[in-house]
Amino acid sequence: MAGYLPLRKIILLIVIIVIVIGLSILSGRIWGGKSEQSQRPGELIIEKGMTVGRFGQANALSNKVLKEIFDLKTKADLEKPLSEYGTVDQVTSMVKKRLALAAEHESKNWIKIPAKFLLWFVFLSMVFILAKKRRVTSGARKGLLFAAVLIFGVIMGSDPSPMGTVKDAIHLYGTAHAVFPPRMIALTVFLAIVFFANKYICAWGCQAGTLQDLIFRINQTDGQKAVMGRQIKIPFVVTNSIRFIFFCVFTFVAFSLGTDIVEPVDPFKIYNPAHLGLTGGIFIGALLLASLFTYRPWCHLFCPFGLVGWLVEKISLVKISVNYETCIACQRCAAACPSTVMGAILKRHKKTIPDCFACYTCREVCPTGSIQFSTRKRTLPPPGHFDKKKKDGGQP
Ligand code: SF4
Ligand code: SF4
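Each number in my numbering comes from the position in the sequence shown (counting from 1) with 1 added on.
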């Protein structure tokens, strides 16, 4: 029977992907089929001596739009010279900013967004309570991750997302020097969750993160052994350097060329397949395949929120810590952790602690219950703790 395990896992993976894509197409249609991505205004035609009305005609802007942008009171105001509103550069900048904000507003589904935040609140609170009761076991984790994929991805779609708040905020500011207030509120809420409880939103609420996590767990037995191939923990210095460089390149390109380099390969678009191009499809396919063998590749290598959230994680109130008084130094937690973070928390031999996704695997495998997810401060292991315990019979 064990020989059939990889085949069963492959079938399960295919079924999940088919369910995600199939139901996402359906739910996208129910929500109205919007791309949920605003179109940035292109180059404007503007000449010295132009009137407001002439400017509107040259750029195909309706009188209603002109009224909002230039605060027109009567029709006669269409004859006002543009120079009344500033220099050519100032008018261009003002119009682009207003058009970009209007496009942002237009692209959003204002019923879905508050509903999704409410669901996040309920779901994350439920996971938090389950975790407190130590009910997040291997099987329950997969069920919760699948539920998160279905609720926050398939049903509620690709937008909003933690990543989108950072990525789109940078891109909007880079292209139109505009700040979209609802997005800043969303970003503040996401970062407040990180501040409160580590990467909880990434762990249990992000639609792309939970899908990658689920696929990684599908390729594992309940004892965290890989079923197909090997699962690799890429050193954090490598993943974080790539993520940092990617963030800088993304920001530079957004400000200098006005291009969003994430857009064509955005993994959140798996929940909006009608707007997923060939490049995106190939990239997401490769990403999901990679998720079988390494933990959350998008989060660790590319995600802008992953990077920003990792910085805020440093001051999280509730986080994973070890009680060295009961720890027997068996290091099962570090071995079971899907990334290198538990090794760094446990031994504290490195100053930099990688991203912790509050998945509770370490807590689940600890034979002495020495791992907590609480406000307790992380302490250093007593000197010689691991050497002594090794001699006493702890596993290296
Ligand atoms: S780091 Fe991962 S889980 Fe967090 S926002 Fe990015 S994609 Fe989602
Ligand atoms: S196993 Fe523990 S340390 Fe590792 S990511 Fe999960 S909660 Fe964090």
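Backbone N, C-alpha and C fix where the C-beta goes; we use that ideal spot for every residue, glycine too.
Exposed or buried, residue i, counting other C-beta atoms within 10 Å across all chains shown (16 or more means buried)?
i                 : result
isoleucine 283    : exposed
glutamate 105     : buried
isoleucine 130    : exposed
proline 268       : buried
methionine 127    : exposed
phenylalanine 238 : Sequence inspection shows valine at residue 238; the phenylalanine mentioned does not correspond to that position. When all chains shown are included, valine 238 counts as exposed.
asparagine 220    : buried
isoleucine 194    : buried
glutamine 213     : buried
glycine 206       : buried
threonine 240     : buried
asparagine 64     : exposed
alanine 287       : exposed
valine 123        : exposed
glutamate 326     : exposed
valine 137        : buried
cysteine 249      : exposed
threonine 88      : exposed
arginine 30       : exposed
threonine 341     : buried
So who's on the other strand from residue i, going by DSSP bridges?
i              : result
alanine 227    : Gln221
lysine 320     : Ser375
proline 355    : BP columns for proline 355 are empty, so no partner.
isoleucine 233 : Thr295
threonine 52   : Pro82
In angstroms with no decimal places, state the Cα-to-Cα distance between residue i and residue j.
i                 : j                 : result
threonine 93      : alanine 359       : 46 Å
leucine 192       : leucine 146       : 21 Å
methionine 95     : leucine 67        : 12 Å
alanine 209       : valine 180        : 25 Å
methionine 164    : lysine 81         : 43 Å
arginine 135      : serine 25         : 32 Å
isoleucine 285    : methionine 185    : 27 Å
valine 319        : leucine 347       : 16 Å
valine 21         : phenylalanine 56  : 46 Å
leucine 6         : valine 228        : 7 Å
alanine 177       : aspartate 261     : 13 Å
leucine 79        : asparagine 60     : 14 Å
methionine 343    : isoleucine 233    : 15 Å
glycine 158       : alanine 187       : 16 Å
phenylalanine 71  : tyrosine 272      : 38 Å
threonine 52      : leucine 289       : 53 Å
phenylalanine 196 : valine 313        : 6 Å
lysine 113        : leucine 120       : 10 Å
isoleucine 11     : phenylalanine 217 : 12 Å
arginine 379      : lysine 352        : 12 Å
lysine 76         : lysine 200        : 53 Å
lysine 315        : cysteine 363      : 19 Å
tryptophan 311    : cysteine 300      : 10 Å
serine 292        : lysine 74         : 57 Å
Tell me which residues share the same chain as residue i and place their Cβ nearer than 6 Å to its Cβ, disregarding the 5 neighbours each side in the sequence.
i              : result
threonine 211  : Leu146, Ala149 and Val150
arginine 349   : Leu381
leucine 62     : none
arginine 377   : Ser322
isoleucine 156 : Ser28
glycine 259    : Thr176
Under 6 Å from any heavy atom of ligand 1, does the C-beta of residue i make it?
i                 : result
tryptophan 311    : no
tryptophan 299    : yes
phenylalanine 247 : no
glycine 210       : yes
phenylalanine 306 : yes
methionine 157    : no
proline 163       : yes
cysteine 367      : no
glutamate 357     : The sequence as given places cysteine at residue 357; glutamate does not occur at that position. Not so, every heavy atom of ligand 1 lies at least 6 Å from the Cβ.
cysteine 338      : no
cysteine 331      : no
cysteine 334      : no
cysteine 328      : no
Check whether the Cβ of residue i sits closer than 6 Å to any heavy atom of ligand 2, and report yes or no.
i              : result
methionine 343 : yes
threonine 362  : yes
isoleucine 321 : yes
Within the same chain, show all residues whose beta-carbon is closer than 7 Å to that of residue i, passing over the 5 residues directly before and after it, in chain order.
i                 : result
phenylalanine 303 : Arg244 and Phe247
proline 161       : Ile114, Lys117 and Ala187
proline 383       : Tyr325
Give every residue of the same chain whose Cβ lies closer than 8 Å to the Cβ of residue i, excluding the five residues on either side of it in the sequence, and list them in chain order.
i              : result
glycine 395    : Residue placement at glycine 395 cannot be trusted, given a pLDDT of 46 that sits under 50; what the coordinates show is reported in the next sentence. Counting only Cβ-Cβ distances below 8 Å, and skipping sequence neighbours, we find Ile329, Ala330, Cys331, Gln332 and Phe387.
isoleucine 252 : The amino acid occupying residue 252 in the given sequence is threonine; isoleucine does not appear at that position. Only Ile171 and Gly175 meet the Cβ criterion.
leucine 215    : Ile17, Lys143, Leu146, Phe147 and Val150
arginine 231   : Phe294
lysine 270     : Ser159, His276, Leu277, Gly281 and Ile285
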